[in-house]
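Colleague: Each residue of the sequence shown is one higher than the last, beginning at 451 in my numbering. Even for Gly, the Cβ is constructed at its ideal location relative to N, Cα and C. If you scroll down you'll find the structure; I have some questions about it.
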Amino acid sequence: MQTTSTMIAPLLEARNLRKTFPAPGGAFAMGARARVAAVDDVSLELAAGETLAIVGESGSGKTTLARMLLRLIEPDSGELRVEGRDFLAASGAGLRALRREMQMVFQDPFASLDPRMRVGTIVGEPLDIHEPRLGRLERRDRVTEILRAVGMGEDALTRYPHEFSGGQRQRIGIARALVLRPRLVVADEPVSALDVSVGAQILELLQNLQRDFSLTYLLISHSLPVVAQLATRIAVMQGGRIVETGAAEQILTAPTHPYTQSLIAAIPVLPVNIE
Ligand SMILES: Nc1ncnc2c1ncn2[C@@H]1O[C@H](COP(=O)(O)OP(=O)(O)OP(=O)(O)O)[C@@H](O)[C@H]1O
Ligand SMILES: [Mg+2]
């Protein structure tokens with residue numbers, strides 16, 4: 451087995467990540483507040499261009515893992531590398547540079563967009579933070595361009611989130627995530643708040659954007675049909691651990707772990723969409 455130093459480093463690499471929270475209900479053990487592990491010894495690698503889906507039931511630790519991978523929360527222990535560079539040790543300008551490469555699309559397009567801000571401001575805000583020297587016209591061009599890429603017209607710029615449908619709001623959220631041209635997008639239940647048909651359009655959009663912008667996806671979903679549409683690889687989480695991981699086709703058609711088998715058995719009809 452070769453070491454990573456002699457191969458192309460993965461875009462993102464996590465080793466033995468662990469995150470605990472205080473146990474609910476104020477339980478005490480041995481005099482100290484008991485803690486529960488939301489993510490327990492998780493290791494994974496994300497290669498450029500792939501879509502890794504994380505599936506698992508509610509509370510299995512998917513969101514906690516995603517937030518740690520983006521360093522939105524700090525792990526208790528473990529390692530995190532971006533293209534071989536130590537992400538947990540990064541700070542200042544180095545950390546900001548790594549951060550702009552990794553963006554998040556949120557579950558709830560109603561809650562994640564500031565209702566008092568115009569769409570142009572919402573989508574352009576990451577530019578204000580990361581490219582403050584951008585001229586006004588240039589900034590407007592960048593925002594308009596990314597809105598167009600997600601299927602929204604220029605007229606959206608001066609309007610407010612409440613003037614749009616759920617699917618349109620999710621498009622706006624995706625535009626905001628993509629305006630800095632990140633390499634990695636983490637989408638946490640991106641369609642679970644939407645009607646099935648609207649969700650299917652958003653999944654198709656994500657697929658097209660991946661091709662057009664050479665994106666790498668980490669897709670989080672409790673829904674295997676959603677995962678089947680996009681994933682190249684699937685990791686199954688249960689109780690904070692990854693219990694099974696493999697190529698999407700293998701996991702969906704020949705799962706080996708009993709928990710994965712139960713997830714698959716729970717789907718009425720699996721719209722498998724893999725070549
Ligand atoms: N900030 C927090 N404080 C305390 N406990 C937390 C916190 N965030 C998450 N947890 C706990 O960690 C565990 C994993 O939660 P997490 O939100 O990561 O699960 P999930 O797989 O994303 O679930 P869902 O599918 O419902 O979104 C749960 O038991 C949860 O209660
Ligand atoms: Mg979650």
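Leaving aside the five residues before and after aspartate 662 along the sequence, list all residues of the same chain whose C-beta is less than 8 Å from its C-beta, in chain order.
Modeller: Taken in chain order, the residues that qualify are Ala599.
Colleague: Between the Cα of arginine 621 and the Cα atoms of Leu659, Glu524, Leu467, Asp591, which residue gives the shortest distance?
Modeller: Checking every option, the nearest Cα to that of arginine 621 belongs to Leu659.
Colleague: Spell out the partners DSSP gives glycine 696 in its beta bridges.
Modeller: Partner(s): Ile684.
Colleague: If you run the structure through DSSP and keep just helix, strand and coil, what is glutamate 463?
Modeller: Glutamate 463: strand per DSSP, three-state reduction.
Colleague: Flag this pair as yes or no: are the beta carbons of glutamine 688 and aspartate 638 separated by less than 8 Å?
Modeller: Result no, Cβ atoms of glutamine 688 and aspartate 638 do not sit closer than 8 Å.
Colleague: Classify proline 525 as helix, strand or coil using the three-state DSSP reduction.
Modeller: Coil, per DSSP.
Colleague: Return yes when the Cβ of valine 492 is within less than 8 Å of the Cβ of threonine 470, no when it is not.
Modeller: Against a cut-off of 8 Å, the Cβ pair of valine 492 and threonine 470 comes out as no contact.
Colleague: Could you check which residue in Glu588, Glu694, Ala503, Ile717 has the C-alpha nearest to that of valine 629?
Modeller: Of the candidates Glu588, Glu694, Ala503, Ile717, the one whose C-alpha sits nearest the C-alpha of valine 629 is Glu588.
Colleague: Report all residues for which the CB-ligand distance to some heavy atom of ligand 1 is below 6 Å; order them along the chain.
Modeller: Answer in sequence order: Phe471, Ala488, Gly506, Ser508, Gly509, Ser510, Gly511, Lys512, Thr513, Thr514, His672.
Colleague: For my contact list, leucine 502 and leucine 668 are in at a C-beta cut-off of 8 Å; report their separation, rounded to the angstrom.
Modeller: Confirmed, Cβ separation roughly 5 Å.
Colleague: Who are proline 472's beta bridge partners in DSSP?
Modeller: Proline 472 pairs with Arg485.
Colleague: Counting only the same chain and skipping the five closest in sequence on each side, list residues whose C-beta sits under 7 Å from that of histidine 612.
Modeller: These residues qualify, in order along the chain: Pro565.
Colleague: Is the beta carbon of leucine 577 less than 8 Å from the beta carbon of glycine 623?
Modeller: Not a contact, by the Cβ cut-off of 8 Å.
Colleague: Using only CA atoms, which one of Asn466, Ala484, Leu467 lies nearest to alanine 473?
Modeller: Ranking Asn466, Ala484, Leu467 by Cα distance to alanine 473 puts Ala484 first.
Colleague: Bridge partners of glutamate 500, per DSSP?
Modeller: Answer is none; glutamate 500 lacks a bridge partner.
Colleague: Say the cut is 7 Å; is the CB of aspartate 558 nearer than that to a heavy atom of ligand 2?
Modeller: Not under cutoff, so the answer is no.
Colleague: For ligand 2, any of its heavy atoms closer than 7 Å to the Cβ of aspartate 605?
Modeller: No; taking the cut-off as 7 Å, the Cβ of aspartate 605 has no heavy atom of ligand 2 nearer than that.
Colleague: Verify whether the separation of the beta carbon atoms of arginine 521 and proline 632 is less than 8 Å.
Modeller: No, they are not a contact pair.
Colleague: Give a yes or no on whether the minimum CB-CB distance between glutamate 529 and chain D is below 8 Å.
Modeller: Annotation note: the requested chain D is absent from the structure, which comprises a single protein chain.
Colleague: So the alpha helix (DSSP H) serine 647 belongs to, where does it begin and stop?
Modeller: Run containing serine 647: 646–663, per the alpha helix (DSSP H) assignment.
Colleague: Take alanine 678 as the anchor and find which of Leu545, Val505, Pro460 has the nearest alpha-carbon.
Modeller: Among Leu545, Val505, Pro460, the Cα nearest to that of alanine 678 is on Val505.
Colleague: Looking only at its own chain, which residues have a Cβ that is under 6 Å from the Cβ of alanine 514, when we skip the five neighbours before and after it?
Modeller: Residue 514 is actually threonine in this sequence, not alanine. Excluding residues within five positions, the ones whose Cβ falls inside 6 Å are Lys469, Ala488, Val489.
Colleague: Do leucine 680 and glutamine 700 count as a contact pair if the criterion is CB distance below 8 Å?
Modeller: No.
Colleague: Could you check the C-alpha separation between glutamate 500 and leucine 655 for me, to the nearest Å?
Modeller: Computed Cα separation, rounded: 16 Å.
Colleague: Compare the beta carbon distance of isoleucine 523 and arginine 531 with 8 Å and say whether it is the shorter of the two.
Modeller: The answer is no: Cβ separation not under 8 Å.
Colleague: In terms of DSSP beta bridges, what is leucine 577 paired with?
Modeller: Its beta-bridge partners do not exist; DSSP assigns none.
Colleague: Check this for me: beta carbons of valine 439 and glycine 616, under 8 Å apart or not?
Modeller: No statement about residue 439 is possible, as the shown extent of the chain runs from 451 to 725 and does not include it.
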